[in-house]
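The block underneath contains the structure these notes are about, expressed in structure tokens.
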């Protein structure tokens with residue numbers, strides 16, 4: 015059964031207290047499935063992340079399109095219609111958290127603050143940005159898994175919207191011994207680089 019935005023928010027407004035402390039709940043998995051079911055009745059390509067109560071006393075509900083740009087407008091529209099719900103912040107798309115975290119998946123462990131990138135620009139389309147990312151101690155047999163993990167690192171660092179709209183592709187390489195000498199930039203500076211790129215592009219128009 016399809017659900018419109020108003021129906022979804024009416025349901026969540028009535029049920030939100032049940033989702034305040036999911037990790038402490040004995041039926042946490044069931045609650046997550048219930049929320050996902052209602053969100054998928056609105057659109058099957060949307061997902062969510064939900065926080066435990068933060069130190070400020072509120073929870074965050076993040077509606078995400080999992081990086082699918084064609085769904086961003088739908089996420090924006092859904093969040094724009096959200097009512098005021100006590101002790102909840104409703105957020106459209108995964109926000110930027112900066113590069114001060116370790117991402118672990120399977121055998122891959124990436125300390126985001128220790129990664130470097132070399133910008134790659136397309137001559138035919140300068141607006142497209144590629145990144146050659148230098149990874150310390152890169153394991154050749156884990157190259158594909160590392161690349162997949164790096165997309166999640168980028169999304170966490172600069173946010174879902176910027177990652178999907180600004181980064182066209184990435185390449186994974188072993189971090190050079192002296193990355194700065196070879197033109198690499200520390201990954202935590204990626205946001206500043208993209209801002210500089212935008213300003214430079216606008217000034218050249």
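In my numbering, the protein residues as written are 15 to 219.
Glycine residues also receive a C-beta, built at the ideal position from the N, C-alpha and C atoms.
A quick note: this is a predicted structure, and the numbers were derived from the prediction, not measured.
- If you draw a straight line from the Cα of residue 99 to the Cα of residue 22, it is about 13 Å long.
- Residue 111 counts as exposed, since fewer than 16 other C-beta atoms from the protein chains shown sit within 10 angstroms of its C-beta.
- In the DSSP annotation of this structure, residue 155 is not part of any alpha helix (DSSP H), being labelled neither H nor E.
- Distance from the CA of residue 194 to the CA of residue 95, rounded to the nearest whole angstrom, comes to 46 Å.
- Classified as buried, residue 164 has 16 or more neighbouring CB atoms from the shown chains inside 10 Å of its CB.
- Around the beta carbon of residue 120, fewer than 16 other beta carbons sit within 10 angstroms, so the residue counts as exposed.
- Taking every protein chain shown into account, the CB of residue 180 has 16 or more other CB atoms within 10 angstroms, so this residue is buried.
- Taking the Cβ atoms as the reference, residue 71 lies roughly 6 Å from residue 101, within the contact range of under 8 Å.
- Straight across, the Cα-Cα distance linking residue 27 with residue 213 is about 41 Å.
- Beyond the five residues adjoining it in sequence on each side, residue 177 comes within less than 7 Å, by CB distance, of 81, 168 and 169 in the same chain, given in chain order.
- In the three-state scheme derived from DSSP, where H, G and I count as helix and E and B as strand, residue 146 is classed as strand.
- Rounded to the nearest whole angstrom, the C-alpha separation of residue 117 and residue 76 is 19 Å.
- CA-to-CA, the gap between residue 140 and residue 133 works out to about 11 Å.
- With respect to the 8 Å criterion, residue 160 and residue 187 are not classified as neighbours on the basis of their beta carbons.
- Per DSSP, residue 186 is not a residue of any alpha helix (DSSP H); the beta strand (DSSP E) it occupies stretches across 181–188.
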